[in-house]
Amino acid sequence: MIRSELIQRISEENPHLYQRDVEKIVSTVFNEIIRAMARGDRVELRGFGAFSTKHRDARTGRNPRTGESVAVDAKAVPFFKAGKGLRERLNEEG
Amino acid sequence: MAGKTLTRMDLSEAVYREVGLSRNESAGLVESVLEHVSDALVRGEQVKISGFGTFSVRQKAERIGRNPKTGEEVPIAPRKVLSFRPSHLMRDRVADAPAPVS
C-alpha cells in the first residue's frame, strides 16, 4: 500500500470529506511524527508502535571505493519499534 | 530527560488545528490512518509512505535461543517481525535532533 491508496481508502470511508482534506489529514499525521522526532521527542502510539531517535557518535568512516578516511559527524537517526498489539496481530494465524 | 512523549492525542490535536474538523472526528481519523496501515501489514503488504518511510514485514526462521539467567536452551518459534526504513527526508530532518539526556 502506498500513500495515495491510504488516502483513497480513507476517502471512501468518509464520503462527507473532500479528498484534499483527507490528503491533509494523512500528511499532518506523518509530518507531526517527523517534527516530533526532529525536536528529539518520542511518539508513542499504543498498539501500533513508537517512533524515537537514537544518537550516533561521530566516527571516522571510510570511503569503501577509495579507502580514504572521512570524518562522520555525530547525528540522530530515526528508530521505530512495533507495538505489542501489532506484533501480536502479525503472528496471529500461523 | 530532554524529550517529551507525544501520543495519539497530540496527533489528533494537530489534525484538528490543520484541517478544522471537530476534535472527535480528528481523533477518529488519526485512528483510521493507523488502522489502515496496520491492516495492510497484517495482510502481508508493504506500506510505503513517500517522504516518511516504508514499513515491511519480515519472516524470521526458528532459532535456538538461550535463557541468559539459567543458560537453558529454548527454541524461538518462527515469527514475523515488522521493520521500518525511514525515508531520506526523515533521516535528514532528524539528523540534527538533540540527543536525549539518559
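Chains as they are written, first to last, in my numbering: chain A, 58 to 151; chain R, 38 to 139. From the three backbone atoms N, C-alpha and C, an ideal C-beta is built for every residue, glycine too. All values derive from a computational prediction rather than experimental measurement.
What in chain R is Cβ-close to A/Val100, meaning under 7 Å?
When 7 Å is used as the limit between beta carbons, A/Val100 is near these residues of chain R: Leu43, in chain order.
Buried or exposed, going by whether 16 or more other CB atoms sit within 10 Å of the CB of A/Ala128?
When all chains shown are included, A/Ala128 counts as exposed.
For R/Ile86, would you say it is in contact with chain A, using Cβ-to-Cβ distances shorter than 8 Å as the test?
At a cut-off of 8 Å between C-beta atoms, R/Ile86 counts as an interface residue with respect to chain A.
Contacting residues, own chain, Cβ-Cβ under 8 Å from A/Gly140 (five flanking each side not counted)
Once the five neighbours on either side are set aside, the close Cβ partners of A/Gly140 are Leu102, Arg103, Gly104, Phe105, Gly106, Ala107.
List, from N- to C-terminal side, the beta strand (DSSP E) runs of 3 residues or more that fit wholly inside the region 76-121 of chain A.
Within the region 76-121 of chain A, the complete beta strand (DSSP E) runs of at least 3 residues are 99-102, 106-113, 116-119.
Where does R/Asp133 land, buried or exposed, given buried means 16+ other C-beta within 10 angstroms?
Exposed, since its Cβ has fewer than 16 Cβ neighbours within 10 Å.
Give the interface partners of A/Arg66 over in chain R, defined as CB-CB distance under 7 Å, in chain order.
Within chain R, the residues near A/Arg66 are His73.
Rounded to whole angstroms, what's the CA-CA distance from A/Gly61 to R/Ala136? Just pull it up for me.
The sequence shown places Ser at residue 61 of chain A, rather than the Gly named in the question. Going from the Cα of A/Ser61 to the Cα of R/Ala136 covers about 34 Å.
For a contact defined as C-beta to C-beta under 7 Å, what are the partners of R/Arg130 on chain A?
The contacting residues are Ile91, Ala95.
Could you name the residues of chain R that A/Lys132 contacts, counting a contact when the two beta carbons are closer than 9 Å?
By Cβ distance, chain R contributes Arg128, Val131, Ala132, Asp133, Ala134.
Does the region 105-114 of chain R touch the region 67-86 of chain A, meaning 3 or more C-beta pairs lie closer than 8 Å?
Under the three-pair Cβ rule at 8 Å, the region 67-86 of chain A does not count as touching the region 105-114 of chain R.
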